[in-house]
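J.: I have a structure here, written as C-alpha cells, and I will follow up with some questions on it.
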Amino acid sequence: MLFDTHAHYTDERFSDDVDEILSSMPANNVGLIMNSCSDIPEIDGILALCEEYPFIYASIGVHPHEAEHMTEKDIDILREYAKNPKVKAIGEIGLDYYYDFSPRDIQKQWFARQVELAKELKLPVIIHDRDAHKDCMDILREHSVKECGGVFHCYAGSVEMAREILDWGMYIAFGGSLTFKKSVKPKEVAKYVPLDRIVIETDSPYLTPEPHRGKRNSSLYVHYVAEKLAEIKGLPVEEIENATWENGKRLFGI
Ligand code: NI
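Residue numbers (the numbering used here): 1036 to 1289.
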C-alpha cells in the first residue's frame, strides 16, 4: 500500500467532501496518511480526523507563514498536544523566503525553537524550506537535528545539500513536482538518494501531479509520484511502493 507522508485535510478546499475522500482511501491502495499542520487552531480538527480514521496520523507545529504570531505559550500548547499518541511529528516548520509572510529573523527564531521542542519530545521534524536553503541548513546544523531526525518535505535543494541531510539520518520527500516536465533538479536528486531514505507525498490540496495538474490534489494521486520515481530509478513500482511505505513507518515510528 501507499503512504502519503504529507497532506492537509483540514484545508478549506476539503470542507465539503473530506469524509467521502478519506473513506475511499483504503479501497484505493492508500494505507497511511500523515496530516501536516500549519498553525495551532488547526490541531483539534486534525486530531478529530485521526480519531475517526485509523490510517491518519498527525503532525503538529507552526508554519513559517504564521511565525510572526508565535509566543512561548504556543510551545507549551504544542507540548500538551504531543501527548496524544497519534501525534508523530513536529511540523511543518522551517523558512519561507519566497512569500516572506513573517519577518525572516522571526521565522528563524521559531524554527529553531521548534527543532529544540522536537528533540525534547523525541519526535521527527517535517521541514518546509522555500528559497531559504542556506539559513535552513545552518539552523538544522546548529541545533543538531540529527538528534531527532525528520524529513525535508517537497525537497527542492541540490544533490550536495541532500548529501548533508542524509548524513544527519533524515529522509527526503518527493511530491507532485517530480512529475512536472520542467522539473530537472528533483529528478537528479531522486536518482541520487538511496531508496531506503525516500518517502512520497502529495501536499494535498496543493501541488497536484501530472496528469491532473491544476485540479485539487488528494492522496488518491500519490501513486503518480511512486510511478515517476519507479521510472527515474529504473525499478518496478511495487518495489518503490514497499520501500516508501516502510521508510515512512520508520521515519514516524508507526
Ligand atoms: Ni504542506
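Ideal Cβ placement from N, Cα and C applies to all residues, glycine included.
1. Could you check how far apart the C-beta atoms of Pro1221 and Cys1183 are, in whole angstroms? I think they sit under 8 Å.
2. Ligand 1 and His1100: does any heavy atom of the ligand fall closer than 7 Å to the residue's C-beta?
3. Suppose the cutoff is 6 Å on Cβ atoms and the five residues either side in sequence are ignored; what does the same chain contact list for Ala1153 look like?
4. Within a Cβ cutoff of 8 Å, which residues of the same chain sit near Gln1144, ignoring the five residues on either side of it in sequence?
5. Can Ile1175 and Ala1225 be called in contact, C-beta distance under 8 Å?
6. Taking a cut-off of 5 Å, which residues have a beta-carbon closer than that to any heavy atom of ligand 1, in chain order?
7. Closer than 8 Å is the cut-off here; do at least three beta carbon pairs connect the stretch 1232 to 1240 with the stretch 1181 to 1196?
8. Along the chain, where does the alpha helix (DSSP H) that runs through Tyr1227 open and close?
9. Helix, strand or coil for Glu1236? Go by DSSP, reduced to three states.
10. Could you tell me the distance, in whole angstroms, from the CA atom of Tyr1116 to the CA atom of Ile1078?
11. Below 8 Å on the Cβ atoms is my contact criterion, and I expect Ile1369 with Asn1070 to pass it. Report the Cβ-Cβ distance as a whole number of Å.
12. Once you ignore the five residues that flank Leu1201 on each side, which residues in its own chain have a CB closer than 8 Å to its CB?
13. Tell me the residue span of the alpha helix (DSSP H) that contains Gly1211.
14. How about Asp1074 and Val1097: do their beta carbons lie closer than 8 Å?
15. Per DSSP, Arg1165 forms a beta bridge with which residues?
16. By DSSP, does Phe1090 sit in helix, in strand, or in coil?
17. Leaving out five residues on either side along the sequence, give the residues of the same chain with a beta carbon under 8 Å from the beta carbon of Pro1260.
18. Mapping the DSSP letters down to three states, classify His1247 as helix, strand or coil.
19. The alpha helix (DSSP H) that contains Thr1279, what's its start and end?
20. Tell me which same chain residues have a C-beta within less than 7 Å of the C-beta of Tyr1132, skipping the five on either side of it?
21. Inspect the beta-carbon positions of Met1060 and Trp1280 and report whether they are closer than 8 Å.
22. Which residues in the same chain have their Cβ closer than 7 Å to the Cβ of Ser1218, if we skip the five residues on either side of it in sequence?
23. Would you mind giving the Cβ-Cβ distance between Leu1067 and Ile1095, rounded to the nearest angstrom? I have them listed as a contact below 8 Å.
24. Buried or exposed: Asp1054, going by 16 or more other Cβ atoms within 10 Å of its Cβ?
25. Report back the beta-carbon spacing between Val1257 and Asp1039 to the nearest angstrom; my notes put them in contact at under 8 Å.
26. In chain order, what residues of the same chain lie with their CB nearer than 6 Å to the CB of Asp1046, ignoring the 5 residues before and after it?
T.: Short version:
1. Pro1221 to Cys1183, Cβ: 25 Å. No contact.
2. no
3. Ile1125, Val1160 and Cys1183
4. Ala1102
5. Rather than Ile, the amino acid found at residue 1175 in this sequence is Leu. Against a cut-off of 8 Å, the Cβ pair of Ala1225 and Leu1175 comes out as no contact.
6. Ser1071 and Asp1238
7. A contact exists between the stretch 1232 to 1240 and the stretch 1181 to 1196.
8. Lys1220 to Tyr1227
9. coil
10. 8 Å
11. Nothing can be reported for residue 1369, as the shown portion of the chain is limited to 1036 through 1289.
12. Ile1207, Val1228, Pro1229 and Arg1232
13. Element bounds for Gly1211: n/a, residue is neither H nor E.
14. yes
15. Asp1131
16. Reduced to three states, the DSSP call for Phe1090 is coil.
17. One detail in the question is off: residue 1260 reads as Val in this sequence, not Pro. Closer than 8 Å at Cβ, skipping near neighbours: Phe1209, Gly1210, Gly1211, Leu1213, Thr1214, Ile1235, Glu1236, Thr1237 and Pro1244.
18. coil
19. Run containing Thr1279: Val1272 to Phe1287, per the alpha helix (DSSP H) assignment.
20. Around Tyr1132, the same chain offers Arg1139, Arg1165, Asp1166 and Ala1167 as residues with beta carbons nearer than 7 Å, after the five sequence neighbours per side are excluded.
21. no
22. Ser1212
23. Contact doesn't hold; Cβ gap of about 17 Å is too wide.
24. exposed
25. 4 Å
26. Pro1240
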